[in-house]
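One structure below.
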Amino acid sequence: MAKTRGVRGAASWCAIAALLYLLVRGLLYAGAGALMGLIQPGASLAKPVGFSAATVALLQLLVGLGAIVLPLWALLRITRLEADDLRIAPPAPWSPAFCLPVFLGLANLANLTGALLLRLAGAESPSTSLPSGGMELLLQFLVLCVLPAIGEELLFRGALQGLLRPCGSSVAIFGPALLFALLHLDPIQGLTAFVCAIFLGWLAERSGSILPGMALHFVNNCLAFLNLYLRLYADNSVSFALELFVLLFFPLFGGWLLLHARQQGFRFSVGLRPGVDVLTVFTSPAYTLTVLFLFLYPFVITL
1 MAKTRGVRGA ASWCAIAALL YLLVRGLLYA GAGALMGLIQ PGASLAKPVG
51 FSAATVALLQ LLVGLGAIVL PLWALLRITR LEADDLRIAP PAPWSPAFCL
101 PVFLGLANLA NLTGALLLRL AGAESPSTSL PSGGMELLLQ FLVLCVLPAI
151 GEELLFRGAL QGLLRPCGSS VAIFGPALLF ALLHLDPIQG LTAFVCAIFL
201 GWLAERSGSI LPGMALHFVN NCLAFLNLYL RLYADNSVSF ALELFVLLFF
251 PLFGGWLLLH ARQQGFRFSV GLRPGVDVLT VFTSPAYTLT VLFLFLYPFV
301 ITL
């Protein structure tokens with residue numbers, strides 16, 4: 001019963017942190033847009049008329065940084081979460097040669113599933129643009145690759161997982177992963193985010209550190225960034241070849257590694273802290289309502 005009460009409180013704080021992340025991000029985004037509008041009438045982050053790509057990327061970087069730092073600061077000040085719970089520490093021995101291909105395999109398998117669902121729904125994936133080079137490209141690299149790898153791991157696998165960890169590794173992995181996926185506000189992107197978050201959460205529990213997850217997250221972001229850049233600026237055959245290689249090679253190779261490891265006795269559950277069932281997070285009304293809100297929010301704003 002004590003663990004049930006504990007998971008209810010921890011899950012509630014995780015939900016509050018997720019909503020605070022969304023709120024801060026929205027307010028900073030609106031504030032940056034309003035500031036741009038004062039300088040250049042009609043301009044905003046969505047329509048940066050009269051502003052350089054470097055300025056826009058810098059503002060996006062500040063918005064993303066604020067959305068991570070403020071909820072993290074609030075959790076450290078208000079809850080029982082301590083700096084040691086973030087697990088910013090050297091990891092226990094782990095195998096990048098195993099974890100990286102398996103992680104990329106799961107991520108790209110989810111990407112393939114998402115692309116199939118988009119095609120079945122008759123929808124198109126949103127387009128993203130990148131500068132061709134210079135400081136603008138570097139800043140976009142920081143926004144799309146570096147900040148998410150460090151900031152999201154720190155908040156979700158560090159803080160939120162740290163809040164739920166006393167209740168067991170399974171619930172500590174699942175609870176933040178679901179919120180992380182829903183905060184993408186896109187069902188297709190959320191599918192990939194959920195799969196990745198489960199693996200990165202497991203790795204944080206198994207290794208005792210969020211640093212390996214940061215590394216894997218960064219590599220995955222870099223591959224997506226490279227693929228997008230080649231799609232925009234390279235010959236079609238080059239970008240298609242890389243995309244096809246990534247989408248097919250890593251799921252197949254990662255699957256083979258996983259099958260081989262299991263034949264050698266590998267089990268994902270080894271080294272994890274026992275605790276309550278993952279669905280116990282839904283005993284928290286705040287967590288349940290937040291999940292419902294984040295699930296419905298993308299559909300409501302498109303009406």
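For the sequence shown, the numbering used here begins at 1 and goes up steadily by one.
Backbone N, C-alpha and C define an ideal beta-carbon position, used for all residues, glycine too.
- By the Cβ rule, the region 255-262 counts as touching the region 93-109, because three or more pairs are nearer than 8 Å.
- With fewer than three CB-CB distances shorter than 8 Å, the region 39-52 does not count as touching the region 115-123.
- The Cβ-Cβ distance between A15 and S284 falls below 9 Å.
- Within the same chain, P298 come within 7 Å of D186 by CB-CB distance, once the 5 residues on both sides are set aside.
- Counting only runs that start and end inside the region 83-160, the alpha helix (DSSP H) elements of at least 4 residues fall at 96-121 and 134-141.
- A residue is called buried once 16 or more other Cβ atoms fall within 10 Å of its Cβ, and L179 is buried on that count.
- Distance between L147 and G64, taken at the CA atoms: about 7 Å.
- Excluding the 5 residues flanking it on each side, L70 has same chain C-beta neighbours closer than 6 Å at V24, in chain order.
- Put simply, the backbone Cα of T290 is about 7 Å away from that of L19.
- Taking a contact to require three or more Cβ pairs closer than 8 Å, the region 42-58 and the region 70-80 do not qualify as touching.
- Put simply, the backbone Cα of G158 is about 10 Å away from that of P176.
- Fewer than three Cβ pairs drawn from the region 191-203 and the region 136-147 lie within less than 8 Å of each other, which leaves the two stretches out of contact.
- The Cβ neighbour count for A89, taken over all protein chains shown within 10 Å, is under 16; the residue is labelled exposed.
- Straight across, the Cα-Cα distance linking F199 with F293 is about 25 Å.
- Taking G275 as the centre and dropping the five residues before and after it, the same chain places the C-beta of K3, C167, G168, S169, S170 and V171 closer than 7 Å to its C-beta, in chain order.
- G26 and Q264 have their C-alpha atoms roughly 48 Å apart.
- If you draw a straight line from the Cα of L248 to the Cα of G31, it is about 42 Å long.
- With a 10 Å radius around the Cβ and a threshold of 16 neighbouring Cβ atoms, V56 comes out buried.
- Taking L155 as the centre and dropping the five residues before and after it, the same chain places the C-beta of A17, Y21, I68, P71 and L72 closer than 8 Å to its C-beta, in chain order.
- When the beta-carbon positions are compared, A181 and A197 come within less than 9 Å of each other.
- In the structure shown, R77 adopts helical secondary structure according to DSSP, grouped into three states.
- Between L226 and L242, the C-beta gap is smaller than 9 Å, which places the two residues in contact.
- Linking L228 to T128 through their CA atoms gives a straight-line distance of about 8 Å.
- Ranked by Cα distance from L144, the first of N236, G213 and Q60 is Q60.
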